[in-house]
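Before any comments, here is the structure.
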Amino acid sequence: MSNTLCLNCTVVGATHHIFQVKIASTNTASALLKAIKDEKSSKVCDIDDGDLALYDVSLPINVQVEPDILKDILGSKHPLQPTIQLSAIFAAPLYYQQLHIIVVVLSKLQVTLPELITLNFLVCLRDNPRRWSFPITIDRNKRVFDLKVVIKKKRSPEFDHLPVTALDLYLPSLPRDDKFQQWVDGPDLDGQRPLDPLQTLAENFPRVPEKSHLHVIVHPAPPCQVMPLIEERASYLAKNRAGDSSIGASLAKFSDTQKNDVYLCHRPFEAYDPLPVTLREPIFSEFVDDCRACEPTGEDSRFVHELSRQMARSYFSVEKRMETFRRLFSSYTATASSTQFVTDGDLVAGKFLVAIAVGTKETGTDNNDPFAQGLIRYHQFIKQLNNSRGIVTQLRSVIPCFHIVVFGACVGIAGSVFTTKIQYDALVPIIPLFCHPTDDMQEMAARTFGALKIALEKLTDMYSKPILFLVTPTWSPLCPYRRHYTDSNNDTETFTYNMNQDFRRNLVFFGKTDRGVPICIKFVKRYSPEAHRFCARKGHAPELIAYEKLPGAWYMVVMGALAIYPYSRRIGSYKHFTPHFYPSLELKQLEEAVTALIGDLHNEGYVHGDLRDVNLLVRHDAQDKIKDFMLIDFDWAGEVHKTRYPRLVDRELVRRPSGAQDGMEILKDHDLEMLHFLFHPYG
């Protein structure tokens with residue numbers, strides 16, 4: 001195999017055309033600079049070496065390197081060090097149609113480059129042995145507060161629940177020696193003051209930080225004492241008044257209420273819980289499935305036809321529109337009854353609400369938001385029931401309820417639950433009832449209302465039976481409803497969730513089976529059990545215990561729980577991979593082993609798609625050498641040529657190949673490039 005590299009280069013600050021340089025991969029960046037200067041078409045032969053900087057890139061060959069693009073590139077990368085070997089930078093196969101090297105003439109640069117420093121961080125959670133490490137490259141002229149903002153974003157979702165001010169930063173600046181290990185095993189921060197948020201990083205790091213040192217300890221401030229579930233529910237109801245739905249649903253009032261995220265309803269967009277209602281109550285997820293697959297009956301079609309005819313009329317009062325809707329819907333379901341709220345119709349089962357119907361006379365004619373009206377009506381019900389019987393906060397239930405929202409000739413359906421707050425998620429798209437009789441939307445509407453009728457019957461049946469009280473701390477509404485799985489022997493295993501869930505925002509939970517076996521339970525929309533099982537057979541992924549399809553297009557992945565204690569010397573424990581703390585020989589051996597596994601995975605017909613540091617775990621032996629490794633997170637994995645990237649691929653905080661874009665095919669070469677980025681973060 002030839003070790004000659006054919007590098008496509010361009011010069012910024014002098015010329016903008018592409019030229020090619022051929023050079024042995026065993027040469028250094030300094031030799032590459034000399035070869036570039038010797039290339040006549042580069043026109044930089046007379047420029048002093050100190051005025052030139054080389055940056056490796058992976059860009060389409062026809063890209064115009066404009067100032068904004070250049071600033072983004074140079075702001076996230078370091079120039080190549082003169083002594084670095086080119087084989088360490090270009091280990092993956094080179095693409096002929098890509099730009100590989102940008103030569104910057106610093107004196108003619110038209111963008112201001114930040115003074116970048118790279119810091120190594122260690123997260124030490126209070127009263128928790130788990131540790132996380134990660135690097136951040138940042139402008140040293142930024143403030144400590146700015147650094148905290150970056151840390152919070154970098155460590156999302158683990159730090160999403162913390163305000164920026166709760167992240168205390170300390171400066172140990174420790175090399176990898178015995179003192180370093182003492183800090184990791186038990187950080188002694190007594191008497192030390194955290195960094196001043198208003199200071200610049202330059203004040204705290206007047207010199208270039210040592211690459212192999214630990215520079216910053218991240219120590220979240222102690223949280224407030226966590227209240228037991230019953231008290232937390234009661235506190236929420238006592239603190240937040242429901243008020244009149246006709247007033248509270250006005251734009252001004254509801255906007256003011258949501259400044260404190262009283263309702264987890266996606267308004268504002270950040271006001272939501274990572275666990276959707278479809279994972280809290282199976283009736284919701286079964287409803288979503290039925291909306292897609294159930295066959296509407298003649299009764300469903302006739303109801304939708306008449307409802308469309310009546311709702312398409314013009315109404316000059318919301319009372320008249322809702323009276324018509326309740327009459328039709330009551331006849332259809334045979335369970336509806338009106339309440340004291342003339343614009344609200346409540347479907348009840350005993351003392352519980354099954355569904356709430358609210359509406360407006362026409363789209364956009366009222367100041368009140370009908371979705372907010374339904375929320376407040378549910379809030380009123382929860383408070384009234386709790387005040388009269390004092391039991392809602394003590395029930396082992398999330399008190400599910402459907403919402404039917406009528407605005408003009410359109411209908412929306414949502415679901416609400418009460419955990420420690422009131423949560424509300426839309427379940428289906430808005431349904432227009434004024435479409436052409438031959439349009440498929442009429443069938444969609446019939447299928448949706450047929451599914452809703454089935455779901456209301458299920459919910460009515462559920463509420464007709466006694467609901468258990470909270471007598472033990474083993475149940476939490478903050479975890480999914482699913483508490484059993486079927487293993488490979490077709491045996492059903494039940495499990496309980498741990499009370500502390502560090503990765504809940506990723507829909508990753510930990511628990512134990514009834515036999516005491518620790519497990520990891522993950523809920524996903526897509527996954528490749530085949531890729532997972534292949535790596536597990538190789539000994540480089542946790543055991544895949546169960547993979548089950550759940551209602552609502554969810555999948556539950558159950559795997560063996562790994563003992564993860566970053567930086568601990570416990571034999572058998574794993575830690576997240578961080579390349580900065582390993583000698584080059586050890587890194588090379590690990591890189592070869594991981595690359596070989598990915599090659600085998602490719603030969604088996606699968607790609608991984610997300611080979612980041614957080615998805616690679618390593619285990620050490622008694623001599624603190626890397627013993628083996630584990631790959632996790634097969635959400636993006638799948639068959640070669642059939643698997644594409646999901647929505648919202650993070651390209652801002654994660655370095656990825658140029659072709660790693662939303663909806664694009666995941667290529668084998670992308671996996672290899674990601675491995676190169678993983679093991680050579682500066683190359």
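Under full-length UniProt numbering, the sequence shown has 576 at position 576, and the numbering climbs by one with no breaks. Every residue gets a Cβ at the ideal spot worked out from N, C-alpha and C, and that includes glycine.
Got a sec, what are the start and stop residues for the alpha helix (DSSP H) residue i sits in?
i, result
"Met-499", "Neither: Met-499 is in no alpha helix (DSSP H) and is coded neither H nor E."
"Thr-595", "584-603"
"Leu-675", "668-679"
"Gly-359", "No alpha helix (DSSP H) holds Gly-359; the beta strand (DSSP E) holding it covers 352-360."
"Thr-448", "440-463"
"Leu-86", "86-89"
"Leu-33", "29-38"
"Phe-325", "318-333"
"Cys-535", "529-537"
Just to confirm the assignment, what range does the beta strand (DSSP E) spanning residue i have?
i, result
"Phe-510", "508-513"
"Ser-58", "52-60"
"Asn-204", "No beta strand (DSSP E) holds Asn-204; the alpha helix (DSSP H) holding it covers 201-204."
"residue 684", "Absent from the structure is residue 684, since the part of the chain shown begins at 1 and ends at 683."
"Pro-220", "216-220"
"His-100", "98-105"
"Val-12", "4-12"
"Cys-520", "518-524"
"Gln-310", "Per DSSP, Gln-310 belongs to no beta strand (DSSP E); it is in the alpha helix (DSSP H), 298-311."
"Ala-24", "18-24"
"Val-557", "554-560"
"Asp-168", "167-170"
"Lys-549", "544-550"
"Leu-617", "616-620"
Based on Cα-Cα distance, which residue from the options lies nearest to residue i?
i, options, result
"Thr-26", "Leu-478, Glu-203, Ser-87, Ser-397", "Ser-87"
"Cys-6", "His-17, Asp-46, Val-63, Phe-90", "Phe-90"
"Arg-533", "Val-105, Asp-633, Leu-427", "Asp-633"
"Pro-542", "Ser-317, Tyr-170, Leu-550, Ser-573", "Ser-573"
"Val-104", "Pro-197, Gln-258, Asn-387, Tyr-55", "Tyr-55"
"Val-399", "Val-614, Lys-383, Asp-256, Gly-408", "Looking at the sequence provided, one finds Ile at residue 399 rather than Val. When each option's Cα is compared against that of Ile-399, the closest is Lys-383."
"Leu-667", "Asn-615, Leu-601, Phe-329", "Leu-601"
"Tyr-527", "Pro-228, Lys-549, Thr-595, Gly-516", "Lys-549"
"Val-411", "Val-208, Met-441, Gly-516, Asn-367", "Met-441"
"Pro-209", "Leu-116, Gly-50, Pro-93, Thr-496", "Leu-116"
"Asp-196", "Arg-143, Pro-60, Glu-665", "Arg-143"
"Ser-107", "Asp-139, Asp-51, Asn-141", "Asp-51"
"Asn-615", "Cys-435, Pro-429, Asp-621, Asp-635", "Asp-635"
"Gln-380", "Glu-362, Asp-369, Phe-418", "Phe-418"
"Lys-320", "Gly-298, Glu-281, Lys-361", "Lys-361"
"Ala-166", "Ile-431, Val-654, Val-123", "Val-123"
"Ser-330", "Tyr-315, Val-348, Ser-314", "Val-348"
"Lys-351", "Lys-465, Phe-145, Glu-39, His-608", "Lys-465"
"Gln-508", "Lys-525, Gly-516, Arg-515", "According to the sequence displayed, residue 508 carries Val and not Gln. Val-508 has its Cα closest to that of Lys-525, out of Lys-525, Gly-516, Arg-515."
"Tyr-96", "Ser-58, Ala-357, Ile-84", "Ser-58"
"Arg-241", "Ile-422, Ala-35, Asp-439", "Ile-422"
Measure from the C-beta of residue i to each C-beta in chain B and report whether the shortest distance is under 8 angstroms.
i, result
"Asp-46", "As a matter of chain content, chain B is missing from the structure shown, which is built from one protein chain."
Do the CB positions of residue i and residue j come within less than 8 angstroms of each other?
i, j, result
"Arg-505", "Pro-274", "yes"
"Thr-513", "Glu-530", "no"
"Ile-519", "Met-556", "no"
"Thr-4", "Leu-99", "no"
"Ala-271", "Leu-279", "no"
"Cys-401", "Val-354", "yes"
"Lys-152", "Leu-169", "no"
"Gly-359", "Val-392", "no"
"Pro-82", "Thr-28", "yes"
"Ile-18", "Leu-32", "no"
"Pro-657", "His-641", "no"
"Asp-425", "Phe-254", "no"
"Pro-60", "Pro-282", "no"
"residue 687", "Ser-30", "The displayed coordinates of the chain run from 1 to 683. Any statement about residue 687 would go beyond what the structure contains."
"Met-630", "His-540", "yes"
Would you grab the beta carbon distance between residue i and residue j for me? Rounded to a whole angstrom, and I think it's under 8 angstroms.
i, j, result
"residue 761", "Phe-469", "Any property of residue 761 remains undetermined from this structure, which presents the chain solely from 1 to 683."
"Ser-416", "Leu-375", "7 angstroms"
"His-219", "Asn-120", "Not confirmed; about 15 angstroms, so no contact."
"Tyr-332", "Phe-303", "5 angstroms"
"residue 695", "Cys-294", "Residue 695 cannot be examined here, being either before or after the span of the chain that is shown, 1 to 683."
"Asp-662", "Val-649", "5 angstroms"
"His-576", "Asp-610", "With a Cβ gap of about 14 angstroms, His-576 and Asp-610 do not count as contacting."
At a cut-off of 7 angstroms, would you count residue i as near the ligand SAM, judging by its Cβ distance to the nearest heavy atom?
i, result
"Asp-244", "In the structure shown, the ligand SAM is absent, as is every other ligand, since no ligand is present at all."
message = Give the list of continuous alpha helix (DSSP H) stretches no shorter than 4 residues that lie fully inside the region 238-283.
response = 245-248, 251-257
key: Ranges of the beta strand (DSSP E) found wholly within the region 382-433, counting only runs of at least 3   = Qualifying beta strand (DSSP E) stretches, in chain order: 401-407, 410-418, 422-426.
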